[in-house]
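Data block below; observations after.
There are 2 protein chains.
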Amino acid sequence: MVDEWKENRSLGDLGEARILSRLAGYGALDGRVTCGIGDDCAVCRTENPAVDQVLTSDATIEGIHFRSDEDPVRVGRKAVSRVLSDIASMGASPEWVLINVVAPKEMKLRSLEAIYEGIQERLETFGGVLVGGDLTEGGPLALHIFASGSLPHGTAILRSGAADGDLIWSTGKLGGSAAGKHLDFIPRVREGIWLRDSGWVHAMTDISDGLAIDLKHLTEDQALGASVEVSVLEAMSSVDQALYDGEDFELLFTTSADVEKIVQREWKNTFAEPLWKIGSVVKSTHEIHLHDKGTYRLLSDGGLHHF
Amino acid sequence: MVDEWKENRSLGDLGEARILSRLAGYGALDGRVTCGIGDDCAVCRTENPAVDQVLTSDATIEGIHFRSDEDPVRVGRKAVSRVLSDIASMGASPEWVLINVVAPKEMKLRSLEAIYEGIQERLETFGGVLVGGDLTEGGPLALHIFASGSLPHGTAILRSGAADGDLIWSTGKLGGSAAGKHLDFIPRVREGIWLRDSGWVHAMTDISDGLAIDLKHLTEDQALGASVEVSVLEAMSSVDQALYDGEDFELLFTTSADVEKIVQREWKNTFAEPLWKIGSVVKSTHEIHLHDKGTYRLLSDGGLHHF
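Chains as they are written, first to last, in my numbering: chain A, 1 to 307; chain B, 1001 to 1307.
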């Protein structure tokens, strides 16, 4: 491996994935951490052996995650729903929330309060209690939100855990989030808890970077790949939109093929919106294949790059 | 009260204290929250009735909390020590830490890693395990750090709780932090746990805004005031420096006057650095008096304003 340290390279040269893999080394090893840096949340033991705590944080920043002229209520909704979605993707129930705000001094109090209204609306609906935070003058407007959640010990659903032959599911349509869904999406907290309770789910994440990247997150630890049905993506939006738009914040999960019928039936009995079966886990290492009327096409690398 | 909403006022017009008091209203009431927005940490019940969890977050931002040319190891130290100091001021033991970084793409990986080395150094010394975070491209360089801690149920030391006649103590010298202490200060985690265990402490906070402001934080909930010994401040640095410099990050606490001798003796038996007795809590509402050779002088309002 190239030694980036000696080469004195910048973050922009390296790209997010390589930076994060370096920084992950600073996460201390501790027997109470079941799952550290790299999943949607960390999973930690608590003083109660029957309960685990999950922890996550996200940044929502003007000019990157929302436009400067956006409705502040929607900005607040998005900022907190992103961490709620992380917690949902472990199958946990939201617990405590803290918000660090960086805001320009020209900002109107009523705009800041509107952000908090959006946050409060989501917390009232999906759980989680705002207990603290910090306010600093500056710009651009930034919301750094931290949240914890809880769930029975040993039941957190990790990104790793998918098996060859598993079915791949999404809790909703993918693609086209830029039209507004990226601000108003529903964090799938109820679905995540239900899925964890079901015992059927092998691996789960939420779709933030786009299906093409998040499918890799779901399969790469096992050196597996995925086959995706083109007809399903076309029914959702378009193949490209479904693969690359990102910020859908649907839950992406795998189950054994044996439980296909019961998953579909019980889902339908519980939730109004349909569950989408989008493909299956395959042996082809780190590859995504598009399955279209009997033919397979290998997907080349692509997608979002934060750095 | 003036309705800031209707007046359409900006954050800069209002000042931090009024903004925070408005935002505190968005902290939901919840029976599991012993202490919400307004103290150094929130204090929350856990699934184990014998243990409470404390939660806090702080922002450390280039140009506000450190200079652009500062040694990144020291920046990391400061950023994480601020949250460790919050946890210390409740008397809790650090537990989980998450870091949101906003960094320009021109930043060198080795600078970012140096920040993490400063963070790791402090966590190894004082406890706390880095379990997650987020990385976003942008500027100025910002570190938003979230931390939790734990302590026996019902033992968290709050800012409120001071009584008329209490002695006021500081765990170290105040003033002159700009010379470097604001970056390299020692979070008083061990002292905080020891003080909580002692059972002697009525109220505690850490000195971040400066003694003049933090003394008010320690007395205003009880509508009390404080009398401060000028000779003690002069022995520390100067009266003005000790009152207004801020960022000392010493623990400021009160005890009954009855335990003065035992506090001094047991402290000396435990810690190498001296404990400073700086004054006492008095009935004079919201006022700070400077006591100098038999005369009292009333301190007018002053200190840092973040907005």
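Each residue gets a CB set at the ideal place from its N, CA and C atoms; glycine is no exception. Computed from a prediction, not measured in an experiment: that's the story for all the values here.
Contacts between L151 of chain A and chain B, judged by CB atoms closer than 7 angstroms, are missing: the closest CB pair is about 10 angstroms apart. Distances from the alpha-carbon of V239 of chain A to those of A:I193, A:F249, A:V201 and A:K173 put A:K173 closest. With at least 16 other beta carbons inside 10 angstroms of its own, H1182 of chain B counts as buried. Close CB contacts of G175 of chain A within its chain, under the 6 angstroms cut and outside five residues either way in sequence, are with M236, S237, Q241, A242 and D245 (chain order). Of all residues in the segment 225 to 254 of chain A, none is placed with a Cβ closer than 7 angstroms to any Cβ belonging to chain B. Per DSSP, the beta-bridge partners of Y1296 of chain B are B:H1291.
Contact of L11 of chain A with chain B by beta-carbon distance below 8 angstroms involves A1103, P1104, K1105, E1106, M1107, K1108, L1109, L1112 and E1137. In the three-state DSSP reduction, I1168 of chain B falls in the strand class (E or B). Contact between the segment 98 to 116 of chain A and the segment 152 to 159 of chain A is absent: fewer than three C-beta pairs spanning the two stretches fall below 8 angstroms. When the five nearest sequence neighbours on each side are left out, the beta carbons in the same chain lying within less than 7 angstroms of the beta carbon of E1247 of chain B are those of S1177, H1182 and S1208, in order along the chain. Listed in chain order, the non-local C-beta contacts of A223 of chain A below 6 angstroms within the same chain comprise T285, local neighbours out to five positions each way being set aside. In terms of beta-carbon proximity, Q1264 of chain B stays away from the interface with chain A, with every pair separated by 8 angstroms or more.
DSSP, read as helix, strand or coil, puts P1049 of chain B in coil.
Judged by DSSP secondary structure, W96 of chain A falls within the beta strand (DSSP E) whose first and last residues are S93 to A103. Setting aside the 5 residues that flank it on each side, S1085 of chain B is surrounded in the same chain by P1187, D1206 and F1249, each with a C-beta closer than 6 angstroms to its C-beta; the list follows chain order. Between N1048 of chain B and N48 of chain A a beta carbon distance of about 4 angstroms is seen, short of the 8 angstroms cut, so the two are scored as contacting. Under the 8 angstroms criterion on CB atoms, D1214 of chain B is classed as non-interfacial with respect to chain A.
Taking 3 residues as the shortest admissible run, the segment 1021 to 1074 of chain B contains the following complete beta strand (DSSP E) segments, listed from N- to C-terminal end: 1033 to 1035, 1042 to 1045 and 1051 to 1061. Taking all protein chains shown into account, K283 of chain A has fewer than 16 neighbouring C-beta atoms within 10 Å of its C-beta and is therefore exposed. Pairing G1128 of chain B with W1096 of chain B, the inter-Cα distance amounts to about 5 angstroms.
For the pair A1059 of chain B and D134 of chain A, the CB atoms are nearer than the 8 angstroms cut-off.
DSSP places F1146 of chain B within a strand segment (E or B) once states are collapsed to three.
Residues of chain A with a Cβ closer than 9 angstroms to the Cβ of E1016 of chain B are, in chain order, L135 and E137.
Residue state for M1204 of chain B is assigned as strand, using DSSP reduced to three classes.
If the five residues before and after E266 of chain A are omitted, its C-beta is found closer than 8 angstroms to the C-beta atoms of S198, all from its own chain and listed in chain order. Counting every other CB atom within 10 Å of its CB across the protein chains shown gives R196 of chain A a total of 16 or more, marking it as buried. Under the three-state reduction of DSSP, S1238 of chain B is assigned to coil, being neither helix nor strand.
In terms of Cα proximity to D1040 of chain B, the closest of B:L1218, B:L1275, B:Y1026 and B:V1259 is B:L1218. About 6 angstroms separates the Cβ atoms of V1232 of chain B and W1276 of chain B, confirming a contact at the 8 angstroms cut-off. The residue from B:D1052, B:R1122 and B:S1057 with its alpha-carbon nearest to that of V1075 of chain B is B:R1122. Excluding its 5 nearest sequence neighbours in each direction, G138 of chain A has C-beta neighbours in its own chain below 6 angstroms: V102, listed in chain order. For D134 of chain A, DSSP records a beta bridge to A:N100.
For the segment 36 to 48 of chain A, the set of residues with a beta-carbon nearer than 8 angstroms to any beta-carbon of chain B comprises G36, I37, C41, A42, C44, T46, E47 and N48, in chain order. Taken atom to atom, the span from the alpha-carbon of F1185 of chain B to that of D1164 of chain B is near 31 angstroms.
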